[in-house]
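So the sequence shown is numbered by my numbering: it starts at 172 and just counts up by one.
Taking it in order: structure first as structure tokens, then the write-up.
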Amino acid sequence: MDVVVVDDAAAVGEHVAGLVSGMVERDPGLVLGVATGATMLPAYRALARGSGDLSRVHIVALDEYVGVPAAHPASFAAYVEREIVVPLGIPQHQVVVPQGSGEELERRIEEVGGVALQLLGIGRNGHLAFNEPGSPLDARSRVVALSETTRQDNAGSFGDERVPTHAMTQGLGTILEAGRLVLLATGEAKAEAVVAALTGPVTPDCPASVVQWHPRVTVVLDVAAASALQRRRSVEGAERERVHHPQL
Ligand code: GLP
Numbered sequence: 172m173d174v175v176v177v178d179d180a181a182a183v184g185e186h187v188a189g190l191v192s193g194m195v196e197r198d199p200g201l202v203l204g205v206a207t208g209a210t211m212l213p214a215y216r217a218l219a220r221g222s223g224d225l226s227r228v229h230i231v232a233l234d235e236y237v238g239v240p241a242a243h244p245a246s247f248a249a250y251v252e253r254e255i256v257v258p259l260g261i262p263q264h265q266v267v268v269p270q271g272s273g274e275e276l277e278r279r280i281e282e283v284g285g286v287a288l289q290l291l292g293i294g295r296n297g298h299l300a301f302n303e304p305g306s307p308l309d310a311r312s313r314v315v316a317l318s319e320t321t322r323q324d325n326a327g328s329f330g331d332e333r334v335p336t337h338a339m340t341q342g343l344g345t346i347l348e349a350g351r352l353v354l355l356a357t358g359e360a361k362a363e364a365v366v367a368a369l370t371g372p373v374t375p376d377c378p379a380s381v382v383q384w385h386p387r388v389t390v391v392l393d394v395a396a397a398s399a400l401q402r403r404r405s406v407e408g409a410e411r412e413r414v415h416h417p418q419l
């Protein structure tokens, strides 16, 4: 697992855009798994500013609300169209956004040959995609109930409309089948989820902890999201010092 810490959210976006562009240069028809949310936006905008030709890239979205029409501005289909597909010049027929059943989503992922590079955010409660705490670590794509934390965090997109209670999401088992994972986190609010996901036990209590099982993971953090990780490492370092120098 590579952990990269950069100054701020813009630098996270630039770094991730560089990783994606490099993979597209080597594989112009790359199957790119995309996450939604605020964390991802600087990366998508940096990609749109880039000079690479992304028109042969296939896009597979991680999740989608249940009961929200694709045309609704708060739907993840609308986010993917607005923030990724149009700015990057990707044809619509190369885009997969969850709709219908979990089995249908799994079939469509298989049809494009599986996800080669999966971009991931992380929820404050450690959720991955919409796999909330308690999700089976080998779960497949399915409809899930959203936690109150997640509904609160995502309420901004719905204004005074009711926030959905359920979503269709790729399962943790599905996500782990991607060729490579790139997990992004920015801001102090994600610091505890990050340290639990990267250094805690692999457990359904912190669904993002499954990334520890994947052989090719890059974690890109800003200083704020890495703050708990840095604190933990300095404590461990001091403990190691004490062991070597008991008089400290
Ligand atoms: C939603 C999405 C996740 C995303 C998370 C964090 O729950 N389903 O894929 O990682 O929000 O969003 P943000 O980056 O806005 O904090």
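Glycine included, every Cβ here is placed at the ideal spot set by N, Cα and C.
Model, not experiment: these values are computed from the prediction.
Asked, Found
"Identity of the residues DSSP links to D393 by a beta bridge", "V177"
"Burial state of V406, where buried means 16 or more other Cβ atoms lie within 10 Å", "exposed"
"C-alpha distance - R216 paired with S306, whole-angstrom precision", "31 Å"
"Uninterrupted alpha helix (DSSP H) stretches inside the segment 225–252 (no shorter than 4 residues)", "247–251"
"8 Å Cβ cutoff met for E196 and G221", "no"
"Collapsed DSSP secondary structure at M194 in the structure displayed", "helix"
"Cβ pair P386, L308 closer than 8 Å", "no"
"Neighbourhood of A248 by C-beta distance below 6 Å, restricted to the same chain and skipping five residues each side", "A241, V268"
"For G193 and V283, the rounded distance between their alpha carbons", "20 Å"
"CB of V202 within 8 Å of CB of H229, strictly", "yes"
"Rounded straight-line distance, which links the Cα of R313 to that of L343", "11 Å"
"Beta-carbon contacts of P258 that lie in its chain and below 6 Å, excluding the five residues immediately before and after", "A219"
"H243 versus T357: straight-line alpha-carbon distance, rounded", "27 Å"
"Under 8 Å between C-beta atoms of V176 and L392", "yes"
"Residue nearest to Q341 in terms of C-alpha spacing, selected from A188, G204, P199", "G204"
"A399 and A368 closer than 8 Å at C-beta", "no"
"Backbone CA spacing between P262 and E274 [nearest angstrom]", "24 Å"
"Proximal residues to A364 (C-beta, below 8 Å), its chain only, five neighbours per side dropped", "I293, G294, R295, N296, G297, A356, C377, A379"
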